[in-house]
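Asks:
Protein chains: 2
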Amino acid sequence: MNKSYSVAVIGLGSMGMGAAISCINAGLDTYGIDLNPLTLEQLKAAGATGIGSNGNLFAHKLDAVVILVVNATQANSALFGENGIARYLRKGTPVMVSSTMSAEDAQKISQKLTELELVMLDAPVSGGAAKAIKGEITIMASGSQDVFDKLKPVLDAVASKVYNIGKDIGLGSTVKIIHQLLAGVHIAAGAEAMALAARANIPLELMYDVVTNAAGNSWMFENRMKHVVDGDYTPLSMVDIFVKDLGLVADTAKSLKFPLPLASTAFNMFTEASNAGYGKEDDSAVIKIFNGIDLPKKQEK
Amino acid sequence: MNKSYSVAVIGLGSMGMGAAISCINAGLDTYGIDLNPLTLEQLKAAGATGIGSNGNLFAHKLDAVVILVVNATQANSALFGENGIARYLRKGTPVMVSSTMSAEDAQKISQKLTELELVMLDAPVSGGAAKAIKGEITIMASGSQDVFDKLKPVLDAVASKVYNIGKDIGLGSTVKIIHQLLAGVHIAAGAEAMALAARANIPLELMYDVVTNAAGNSWMFENRMKHVVDGDYTPLSMVDIFVKDLGLVADTAKSLKFPLPLASTAFNMFTEASNAGYGKEDDSAVIKIFNGIDLPKKQEK
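As they're listed, the protein sequences go chains A and B. My numbering applies: residue 18 is where the first sequence begins, and numbers increase by one. My numbering applies: residue 18 is where the second sequence begins, and numbers increase by one.
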């Protein structure tokens, strides 16, 4: 059955490229769509059936589409823009929208897809590039059982864990946004703690060691504060991504009329870091908003 | 050598009782001091060499003292109060002060011990009751090498990991306080995220499952938000403990003239929870400050 299953991945960043390669590895006929010709060549070399800056020439062959562009604006453009793929798809084709966006934006996209007789899975992802290329991402999805079923070969190919949150489009996006609330607050809290340690003349390597062996640890502390200890702010994920994601958290809370004492503070911290010129550095660079401390410098190898 | 090593543990709460039992299990002559006669009997039954509401009768035999009372006030009282043990100890006896307190309070106690020709290890602990009774707590300690050496039989008995942070009294306390900053912010952030999920009609059990399998996880989220999912606020560690500990974090930041955007917010959240009547509930009850949501109720068994 997989032999004849065709899928296009739109947006070949670190997550999209990994997901596309996982589809190829699972035996799906895989197409890649991106604006970067080098990325397309890379996917072609990895075994893609077809590539293009848009999908007009092969859209009619597809059994599924996966959207892994950066945000709702790009997703709308890829689907409904000048060279958007949606109008070329066969009726009933499932579209898995995996960009992080607000529930409201997910619902608007779903509505436009419905008008074209297409079906949507609201399916944000988590896991990072390393897991994506191994087909081990986590998907938090909402949609009809029909669309889950239609996308099964893709979900099996790219994910180690698929959460079915419910039928309503928007639930998947909301779960992802709440997850990002925690991720963002944990990075900012790690930065605040390490900055205070620096101020108190505690060696940061030792502080890192204590926390990662005790109840104060978080996944993000362990992963990101290592960058602070090493003085290496090469971006794996940038400060500006959390300006965006914590902005979505704020939008979500506003639409639900709900207060967010900590996440609103973390949003301010990342925004301040971005305006101070650190937007394109690793998100751990949020620690640079604290003055009056000396942070470790990167050791030349 | 252990045969003739005598240690008294002052403060037989969950950590102190565990530490004392670990000393007994390691073959040390162990004495227990507490104001609660039932607790003393319990330790006696576990094999203590001696017990008392104060240590006046056996202080002269001791090779070491461990203080595991709740705070600096109680530590001062146990050492220097009306029935304080310090004046009865032999010169040079090491006193391991393991209560969580400010660096300033640790330094004041050290100064008073020095006047009595006693030596101090500034040695806060982490790990909880379950680890204490197995002799597997983590100790973040500062003091002279001499006092580390003198306390070696005790450290070996009670801890699986001892961090030597440096010579200066106050460093140990500061590391512990910065650790508590993270622990407190992580509980409050977990509560904020779960409250938002409840507001968005996401099933909390599912939200918990997603987060604990993804990068938004923290040790505290995994441990404490389970209580929210179960609707069980039986106190393992109380809201009021974090009112105290985040208060120490605030004091530390003030003395270092350093801003704490997130920890100050978390402090407000726990203080608000305490004033709303939840001070003696499990610290996860900080989620109850959020209105306009329905939280899971405890299932009767």
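The beta-carbon is built from N, C-alpha and C at its ideal position, and this holds for glycine as well.
Expressed to the nearest angstrom, what Euclidean distance is found between the alpha-carbon atoms of A/Val-245 and A/Gly-145?
Replies: Sequence index remark: in the first sequence, residue 245 of chain A carries index 228 (1-based). Sequence index remark: in the first sequence, residue 145 of chain A carries index 128 (1-based). Their backbone Cα atoms lie some 20 Å apart in a straight line.
Asks: Whose C-beta lies closer than 6 Å to the C-beta of B/Asp-257 among residues of the same chain, with five residues either side of it excluded?
Replies: In the second sequence, counting from the first residue as 1, residue 257 of chain B sits at position 240. Contacts found: Ser-291, Gly-296.
Asks: Can you tell which of A/Gly-72, A/Leu-45, A/Met-118 has the C-alpha that lies nearest to the C-alpha of A/Ala-92?
Replies: If you number the first sequence from 1, residue 92 of chain A lands on position 75. Closest option to A/Ala-92, Cα to Cα, is A/Met-118.
Asks: For the stretch 272-283 of chain A, which residues have a beta carbon sitting closer than 7 Å to at least one beta carbon of chain B?
Replies: Cβ contacts with chain B: Leu-273, Phe-275, Leu-277, Pro-278, Leu-279, Ala-280, Thr-282, Ala-283.
Asks: Note down the Cα distance separating A/Leu-96 from A/Ala-174, rounded to an integer number of angstroms.
Replies: Position 79 of the first sequence holds residue 96 of chain A. Position 157 of the first sequence holds residue 174 of chain A. C-alpha separation (whole angstroms): 23 Å.
Asks: Does the count of Cβ pairs from the stretch 219-234 of chain A and the stretch 176-185 of chain B closer than 8 Å reach three?
Replies: Yes, they touch.
Asks: If we cut at 8 Å on Cβ distances, does B/Gly-233 have a partner in chain A?
Replies: On the second sequence, residue 233 of chain B is found 216 positions in, with the first residue counted as 1. Closer than 8 Å to some Cβ of chain A, the Cβ of B/Gly-233 qualifies, so yes.
Asks: Give the residues from the stretch 104-116 of chain A that approach chain B closer than 9 Å (Cβ to any Cβ), ordered along the chain.
Replies: So nothing in the stretch comes that close.
Asks: Given a cut-off of 8 Å on the beta-carbon distance, is the pair A/Ser-116 and A/Ala-89 in contact?
Replies: One-based indexing of the first sequence puts residue 116 of chain A at position 99. One-based indexing of the first sequence puts residue 89 of chain A at position 72. Yes; because the gap between Cβ atoms is below 8 Å, this pair is in contact.
Asks: According to the neighbour-count rule (16 or more other Cβ atoms, all chains shown, within 10 Å of its Cβ), is A/Met-18 buried or exposed?
Replies: Here residue 18 of chain A corresponds to residue number 1 of the first sequence, with the count starting at 1. Residue placement at A/Met-18 is flagged as unreliable, the pLDDT there being 44, under the threshold of 50; a coordinate-derived value is accordingly withheld.
Asks: When burial is assigned at 16 or more other CB atoms within 10 Å of the CB, is A/Ala-147 buried or exposed?
Replies: Your numbering for residue 147 of chain A matches position 130 in the first sequence. By the neighbour-count rule (16 or more Cβ atoms within 10 Å), A/Ala-147 is not buried but exposed.
Asks: Hey, A/Val-202 and A/Leu-279: beta-carbon distance below 8 Å or not?
Replies: Here residue 202 of chain A refers to the residue found at position 185 when the first sequence is read from its first residue. Here residue 279 of chain A refers to the residue found at position 262 when the first sequence is read from its first residue. A contact, by the Cβ cut-off of 8 Å.
Asks: Residues of the stretch 143-171 of chain B in Cβ contact with chain A at a cutoff of 9 Å, in chain order, please.
Replies: Within the stretch 143-171 of chain B, the qualifying residues are Ser-143, Gly-144, Gly-145, Thr-155, Met-157.
Asks: Hey, could you find the ends of the alpha helix (DSSP H) A/Pro-278 is sitting in?
Replies: Start at 1 with the first residue of the first sequence, and residue 278 of chain A comes out as number 261. Run containing A/Pro-278: 278-290, per the alpha helix (DSSP H) assignment.
Asks: Who are the near neighbours of B/Ala-13 in its chain, counting only those whose CB is closer than 6 Å to its CB and skipping five residues on each side?
Replies: As displayed, chain B neither begins before 18 nor continues past 318, which places residue 13 of chain B out of reach and without an answer.
Asks: Is A/Ala-123 closer than 8 Å to A/Ile-186 when the C-beta atoms are compared?
Replies: As a first step, residue 186 of chain A must be located in the first sequence, where it is residue number 169. As a first step, residue 123 of chain A must be located in the first sequence, where it is residue number 106. It is a contact, given that the beta carbons lie within the stated cut-off.
Asks: For B/Asp-51, collect the residues of the same chain with a Cβ closer than 6 Å to its Cβ; drop the 5 residues on either side in sequence, then sort them by chain order.
Replies: If you number the second sequence from 1, residue 51 of chain B lands on position 34. Excluding positions up to five away in sequence, the list reads Leu-29, Leu-57.
Asks: So B/Asp-139 is in the beta strand (DSSP E); what residue range does that whole segment cover?
Replies: Residue 139 of chain B sits at position 122 when you count from the first residue of the second sequence. B/Asp-139 -> beta strand (DSSP E) spans 136-139.
Asks: Can you look up B/Asn-19 in the DSSP assignment and give me helix, strand or coil?
Replies: Numbered from its first residue, the second sequence carries residue 19 of chain B at position 2. Any reading at B/Asn-19 needs caution, since the residue's pLDDT is 44, under 50, leaving its predicted position unreliable; the model's value is listed next. Three-state DSSP puts B/Asn-19 in a helix.
Asks: Using alpha carbons as the reference points, say which of B/Val-266, B/Asp-46, B/Gly-183 lies closest to B/Tyr-320.
Replies: Here chain B has residues from 18 to 318 only, and residue 320 of chain B is not among them.
Asks: Within the 8 Å Cβ cut-off, does B/Lys-305 reach chain A?
Replies: For the purposes of this step, residue 305 of chain B is identified with residue 288 of the second sequence, where counting begins at 1. No, B/Lys-305 does not count as interfacial toward chain A.
Asks: When you compare the CB of B/Val-256 with every CB in chain A, is at least one pair closer than 8 Å?
Replies: The residue you call residue 256 of chain B lines up with position 239 of the second sequence. No, because no Cβ of chain A sits closer than 8 Å to the Cβ of B/Val-256.
Asks: Would a check of beta-carbon distances place A/His-203 closer than 8 Å to chain B?
Replies: Counting from 1 along the first sequence, the entry for residue 203 of chain A is found at position 186. So yes, A/His-203 belongs to the interface.
Asks: Under 8 Å, CB to CB, which of the residues in the stretch 189-201 of chain B have a partner in chain A?
Replies: Taking 8 Å as the Cβ-Cβ cut-off against chain A, the residues of the stretch 189-201 of chain B that qualify are Thr-191, Val-192, Ile-195, His-196, Gln-197, Leu-198, Leu-199, Ala-200.
Asks: Would you mind working out which of B/Leu-172, B/Asn-308, B/Lys-315 sits nearest B/Met-337, comparing C-alpha positions?
Replies: Since the displayed chain B opens at 18 and closes at 318, residue 337 of chain B lies outside it and no answer follows.
Asks: Taking only beta-carbon atoms, is A/Ala-217 less than 8 Å away from chain B?
Replies: Taking the first residue of the first sequence as 1, we reach residue 217 of chain A at position 200. With 8 Å as the cut-off, A/Ala-217 counts as an interface residue toward chain B.
Asks: Provide the residue span of the alpha helix (DSSP H) that contains B/Gly-207, from first to last.
Replies: Walking along the second sequence from the start, residue 207 of chain B turns up at place 190. Start and end: 188-216.
Asks: Assign A/Thr-251 to buried or exposed, taking buried as 16 or more other Cβ atoms, counted over all protein chains shown, within 10 Å of its Cβ.
Replies: For this step, residue 251 of chain A is matched to residue 234 along the first sequence. Result: exposed.
Asks: With a Cβ-Cβ cutoff of 8 Å, do A/Leu-223 and B/Phe-275 count as a contact?
Replies: In the first sequence, counting from the first residue as 1, residue 223 of chain A sits at position 206. In the second sequence, counting from the first residue as 1, residue 275 of chain B sits at position 258. Against a cut-off of 8 Å, the Cβ pair of B/Phe-275 and A/Leu-223 comes out as no contact.
Asks: How many Å lie between A/Leu-135 and A/Ala-37 at the Cα?
Replies: Locating residue 135 of chain A in the first sequence gives position 118, counting from the first residue. Locating residue 37 of chain A in the first sequence gives position 20, counting from the first residue. Rounded to whole angstroms, A/Leu-135 to A/Ala-37 spans 21 Å at the Cα level.
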